[in-house]
Amino acid sequence: MKIAYCDCFSGISGDMLLGALVDAGLPVDILNAQIARLNMPEHPRVRVSTVMKGALRAAFAEVVEDHHHDDHDHDHDHDHDHGHGHKHGHDHNAADAHSHAHPRNLASITQLIEASDLSERVKQTSLAIFRKLAEAEAGVHGTSVDEVHFHEVGAVDSIVDIVGAAIGLEHLGIDRLFASALPMGSGRVNTQHGPLPLPAPATLALMASAKAPVVPSEAQVELVTPTGAAILATLATFEQPAMSITGVGIGAGRRDLPWPNVLRLVLGQSEAAGGGLVQLETNIDDMNTQVFGYVMNRLFAAGALDVFFTPIHMKKDRPGVLLGVIARRADEPALVRIILEETTTLGVRALPIEHRHEAQREMRLVQTEYGQAPVKIKLLDGVAVGASPEYDACVQLAAKNGVPVRRVIEAAVAAWRQMSAPLT
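Last residue of the sequence shown: 453 in the working numbering, with the numbers rising by one and none dropped.
Pasting the structure below:
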């Protein structure tokens, strides 16, 4: 099982994680091609540069909007990434007014993401993070989830941070995310609600919801932001895993602190890759088939590694469906609850998986006569042995060019073969 560990000794924000994912192997062109699928009117893209934080090199991720190339709409790190609609430090400028002119709510962000042709896993992961954030904001301000209006967290750069994190985790093949204890920090911050204590109330609520371990810090600034806290509260287990390290990504924060202000993302293989998996199964013959798609989406959002449906014949020769789920043992209770809540079944079988063998994979962009297409490359011992174009992207190119989708798929495979052919 491929896992990743967030070493948050200097905290975490959305842009720090995005920088760490790029530094760990997420190509910026792949990231921007995926973000473009959101079809946002601002046409955001991520720009990554190498910076020094103390004695350490790190990747600094910035979100810029192509339609006016305004560098003031940068990523926000500790200074800017707040669900309470505040910025502080050295970046008070017109970007605030621009970012807050049309605050988005959960419904509008959900519509934006669901209307895109991002992969189902990226969609469900992103929406789960935004829902978690909306719940925290609603609890803090004594309102409902539907009434919460995101301000800075609904701004363009924060949407890119959250969706970009989901894209990066999928691209790097991360099955499970872990995180260290979080530094508390202290002090106050000015927000649209007036001065508030640090950690920001939404951040503290998210920490509490995840039962996150915290450690004291001498910093008088915000170290953990609502976006960073929401990503971890939704996706991470707060413990240091046993693992074989395969890579490290370093993401830079905007502030300069007495120590290197970076997030370290450690990639590796779990030492208990096989023993930690389970297959959940149940037979269903009395449920509206329209519901199965919704059930699949909920299961993926809750951490399922795979979900599948198999036609079967049950007693009295009734046609039915076998619902199967491949999952981590730690996610078993939550997934079983979803199956029992959302389907008509009365029971779920849990079968241990002793081993699961996986090929390495990576995503590459290829140029075809119909446009650029992402292709998933299958690797064995570092050697490419197969390629599979991303179906949704091929469908989009086929519609744009008025050609059959199979022609686009064939062109993408041919382009990959030409690109990977040895030089003579």
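From the three backbone atoms N, C-alpha and C, an ideal C-beta is built for every residue, glycine too.
Since this is a predicted model, take the numbers as computed values, not measurements.
- Per DSSP, reduced to three states, the secondary structure at ASP314 is coil, with no helix or strand assignment.
- According to the DSSP assignment, TYR34 belongs to the beta strand (DSSP E) that extends over 31 to 36.
- Look at the beta carbons and you see the stretch 192 to 201 touching the stretch 58 to 70: at least three pairs across the two are nearer than 8 Å.
- Relative to the Cα of ASP186, the nearest Cα in the group PRO270, ASP44, VAL295 belongs to ASP44.
- Separation of ARG217 and VAL250 (C-alpha to C-alpha, rounded to the nearest whole angstrom) is 8 Å.
- DSSP, read as helix, strand or coil, puts ASN430 in helix.
- Per DSSP, the continuous beta strand (DSSP E) segment holding PRO73 begins and ends at 73 to 82.
- For GLU166, the enclosing alpha helix (DSSP H) begins and ends at 149 to 170.
- Taking all protein chains in view, the Cβ of GLY411 is surrounded by fewer than 16 other Cβ atoms within 10 Å, so the residue is classified as exposed.
- Looking at ARG385, HIS170, PRO255, PRO228, the one whose alpha-carbon comes closest to that of PRO245 is PRO228.
- Secondary structure at GLU143: helix, using DSSP grouped into helix, strand and coil.
- Under the DSSP assignment, ASP335 falls in the beta strand (DSSP E) whose first and last residues are 335 to 342.
- ALA259 and LYS161 do touch by the CB rule: their CB atoms are close to 5 Å apart, below 8 Å.
- Nearest neighbour of TRP445 by Cα position, chosen from GLY415, ARG436, GLU387, turns out to be GLY415.
- Counting only runs of 3 or more residues that sit fully inside the stretch 193 to 257, the beta strand (DSSP E) segments are 205 to 208, 217 to 220, 223 to 226, in chain order.
- For GLU370, the enclosing alpha helix (DSSP H) starts and ends at 361 to 371.
- Where ILE274 is concerned, the enclosing beta strand (DSSP E) starts and stops at 272 to 281.
- The beta carbon of GLY431 is closer than 6 Å to none in its chain, skipping five residues each way along the sequence.
- Short of 8 Å from the beta carbon of LEU409, and not among the five residues preceding or following it, lie these beta carbons of its own chain, in chain order: ALA388, GLN389.
- By the neighbour-count criterion, in which 16 or more other beta carbons inside 10 Å mark a residue as buried, LYS31 falls on the buried side.
- By DSSP's assignment, PRO348 forms a beta bridge with HIS342.
- Considering only VAL192, GLU247, VAL80, the residue with the shortest C-alpha distance to SER39 is GLU247.
- With distances taken between CA atoms, HIS342 lies nearest to ASN312 out of ASN317, ALA333, ASN312, LEU252.
- In its chain, beyond the 5 residues on either side, ARG393, VAL395, ALA416, PRO418, ALA441, TRP445 have a beta carbon closer than 6 Å to the beta carbon of VAL404.
- Around the C-beta of ILE158, 16 or more other C-beta atoms lie within 10 Å, and the residue is accordingly described as buried.
- The beta carbon of GLN401 lies closer than 6 Å to those of LEU394 in the same chain, with the five residues before and after it left out.
- Rounded to the nearest angstrom, the Cβ distance from THR256 to ILE191 is 6 Å, consistent with a contact under 8 Å.
- Here LEU306 has MET30, LEU334, ILE355, ALA356, ARG357, ARG358, PRO381, ILE382, ARG385 as same chain residues with Cβ atoms under 8 Å from its own Cβ, once five neighbours each way along the sequence are excluded.
- For VAL92, the enclosing beta strand (DSSP E) covers residues 85 to 94.
- Residue pairing by DSSP places MET392 opposite LYS405 in a beta bridge.
- Rounded to whole angstroms, LEU375 and VAL80 show a C-alpha spacing of 56 Å.
- By the 16-neighbour rule on beta-carbons within 10 angstroms, ASP360 is buried.
- Short of 8 Å from the beta carbon of LEU85, and not among the five residues preceding or following it, lie these beta carbons of its own chain, in chain order: ILE279, PRO289, VAL291.
- Distance from the CA of ARG293 to the CA of LYS344, rounded to the nearest whole angstrom, comes to 54 Å.
- Put simply, the backbone Cα of LEU264 is about 12 Å away from that of VAL151.
- Proximity to ILE188 across ALA165, ASN134, GLY223 peaks at ASN134, based on C-alpha coordinates.
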